[in-house]
Amino acid sequence: MIPETTRAAVLRAYRKPLVLEDLPLPPRPDPGAALVRLERTTLCGTDAHLWQGGMPFVELPIVLGHEMTGRVVALGAGADTDALGRPVELGTRLVWSESACGRCHGCAVLREPVLCADRGYGFRQRADRAPYVTGGLTEYCWVSPGSARLVVPDDVPATWAAAAGCAGKTVVRAFDRAGGVPPGATVVVQGAGPLGLFGTALARASGAGLVITLGAPDDRLALARRWGADEVVSVEEVPDPDDRVARVAELTGARGADLVFDFAGSPTTNYEGVLMCGQRGTHVVVGLAGPDAVAVPPGVVMGRELRVLGSLNGDVSDLDRALRFLAGNRDRFDWNAMFAPPIELAAATSALAGMAAMTAIKPVIAFGTEELC
Ligand SMILES: [Zn+2]
Ligand SMILES: [Zn+2]
């Protein structure tokens with residue numbers, strides 16, 4: 024039985040408390056769609072950015088959240104398998120990637136779902152039009168017909184599966200775009216939020232020789248050390264971008280880094296990242312630098328024969344590998360150390376404010392009557 028409504032936290036005005044509302048649920052799923060009762064939603068920096076009005080082109084009202092997992096409660100025709108052909112039934116735990124149109128240059132020519140011109144991000148769905156709820160801050164959530172699903176393995180906790188949905192797959196894709204980590208490579212990770220922390224762990228697990236993580240505050244840098252950073256640089260203690268470049272030069276014996284991942288997205292990140300690269304180094308741009316970005320020095324890109332690459336979110340392939348990376352390294356990295364204690368949907372606003380203030384690394388919303396543990 025599909026309930027007639029779902030409780031959701033709706034963003035109606037930027038920086039204002041989300042409004043708890045009962046939104047309609049259609050009586051039956053469209054062909055290819057699924058209705059999922061969410062178990063966990065983790066919040067992403069983009070959610071906090073959206074809540075603060077940092078993406079004003081997004082139309083309100085919306086239901087925020089794009090890292091979530093839950094169990095299937097209704098299936099449309101033809102939605103009975105996941106992207107790998109595994110059976111999907113009522114009760115199956117799912118994660119999914121945004122839908123792609125299949126008919127644009129990005130989809131059809133480049134065959135890259137992340138480059139789809141009409142990619143179905145949850146936050147593009149207005150909360151006052153059917154199907155109302157495709158975001159994560161809702162008890163029941165529609166999985167759009169074109170989105171690629173994956174069955175969550177039984178041994179992957181819901182919180183990890185949710186976080187793979189954006190943070191995990193974004194980091195996996197960035198490493199893939201870079202062409203992987205050569206054995207013994209020097210890797211610089213810019214940022215110590217969820218992406219930077221996952222990136223630190225992935226660099227370590229991929230065979231890097233030296234991993235340097237830059238970020239703040241200190242509790243995040245402490246976790247970066249636990250997850251494999253050999254050296255950390257506090258951007259609070261070293262506030263000048265050129266001083267940070269000098270610090271990395273010192274730590275790398277003036278050789279510079281083979282790989283520099285921008286998971287921070289500040290106006291100076293890419294300027295610093297390029298200067299931190301050694302000869303034939305690669306700088307991967309993942310963060311959003313914003314309109315005040317400091318120019319990257321082209322003479323350095325040329326003189327050191329650098330590669331500067333962009334990497335945008337991730338698709339179902341990255342999502343699958345993120346799930347496998349988290350599950351396969353559960354004994355090596357204490358993934359739970361990144362997550363805040365689960366809270367109820369009604370507390371989502373304070374979690375977003377905590378992210379904006381950088382007091383929470385990764386808030387977790389728990390649904391239903393299950394224990395908050
Ligand atoms: Zn497309
Ligand atoms: Zn995200």
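Residue numbers for the sequence shown, in my numbering: 24 to 396.
Think of the CB as a built atom: it goes at the ideal place given N, C-alpha and C, for glycine as much as any other residue.
**Item:** Cβ-based burial, Thr104 [other Cβ within 10 Å; buried from 16]
**Value:** exposed
**Asked** Can you tell me whether DSSP reads Glu295 as helix, strand or coil?
**Response** helix
**Request:** Would you decide whether Lys385 is buried or exposed? Buried here means 16 or more other CB atoms lie within 10 Å of its CB.
**Result:** buried
**Prompt:** Using a Cβ-Cβ cut-off of 6 Å (strictly less than) and excluding sequence neighbours within five positions of Leu233, which residues of its own chain qualify?
**Reply:** Thr209, Asp253
**Message:** According to DSSP, Cys300 sits in a beta bridge with which residue or residues?
**Reply:** Ala280
**Item:** Which listed residue (Val86, Gly202, Trp74) has its alpha carbon closest to that of Asp151
**Value:** Val86
**Message:** Please return the same chain residues whose Cβ sits closer than 6 Å to the Cβ of His306, not counting the five positions on each side in sequence.
**Reply:** Val283, Gly296, Val297, Cys300, Val331
**Message:** Can you tell me whether Thr69 sits near ligand 2, meaning its C-beta is under 7 Å from at least one heavy atom of the ligand?
**Reply:** yes
**Prompt:** Are Gly99 and Pro168 closer than 8 Å when you measure CB to CB?
**Reply:** yes
**Request:** Name the two residues that bound the continuous beta strand (DSSP E) containing Thr29.
**Result:** 28-33
**Message:** So, at 7 Å on beta carbons, what are the nonlocal neighbours of Gly313 in its own chain, with the 5 sequence-adjacent residues on each side left out?
**Reply:** Pro290
**Prompt:** Which word fits Glu135, buried or exposed, when buried means at least 16 other C-beta atoms lie within 10 angstroms of its C-beta?
**Reply:** exposed
**Request:** Since I believe Val96 is in contact with Arg60 (beta carbons under 8 Å), could you give me their beta-carbon distance rounded to a whole number of angstroms?
**Result:** 5 Å
**Asked** Going by DSSP, which residues form a beta bridge with Met325?
**Response** Answer by DSSP bridge pairing: none, since Met325 is not bridged.
**Prompt:** Does the Cβ-Cβ distance between Leu246 and Ala360 come in under 8 Å?
**Reply:** yes
**Item:** Environment of Pro217 [buried if 16+ CB atoms lie within 10 Å]
**Value:** buried
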